[in-house]
Amino acid sequence: MKRFAVYKNIRKRAVIMGLPISLFALMMTAVIGSLLFIIFSFSFLVIIGVFVTNVSLYIGLTQLTKKPASFHFKKVFPQTISNKKESQLYYEDP
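Spelled out as structure tokens, the structure:
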């Protein structure tokens, strides 16, 4: 009988419009902010500038998604937590 592993990390690879969920949320926040900016300062140059800004943000985020190694963050928490001594130094009185 086959055994199948439970895949719990399905949200890590979820993609909307080519972007992971967190970057898609950032993009939608920028779009909503730019719409508010257009509404309160209506001019043709503002519309063109906001459009160019949103397109460049989208292109930048998709490039970041394709090559994540160029923008790598160090993980905050270690893979395993252990009480094992890290060094050979003995700090307690013998």
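Numbering of the sequence shown is given in our numbering, commencing with residue 1292 and proceeding in unit increments.
Beta carbons: idealized from backbone N, C-alpha and C, even for Gly.
Residues bridged to residue i [DSSP beta-bridge criterion]
i     : result
I1307 : L1310
Where the alpha helix (DSSP H) containing residue i begins and where it ends
i     : result
V1337 : F1335 to K1357
Anticipated Cβ contact below 8 Å, residue i with residue j, distance rounded
i     : j     : result
I1338 : I1329 : 6 Å
Three-state class that DSSP yields for residue i in the structure shown
i     : result
T1320 : helix
S1325 : helix
F1368 : coil
I1315 : According to the sequence provided, residue 1315 is Phe. The question's Ile does not apply to it. F1315: helix per DSSP, three-state reduction.
F1331 : helix
With 16 other Cβ atoms within 10 Å as the buried cut-off, status of residue i
i     : result
L1310 : buried
L1327 : exposed
L1336 : exposed
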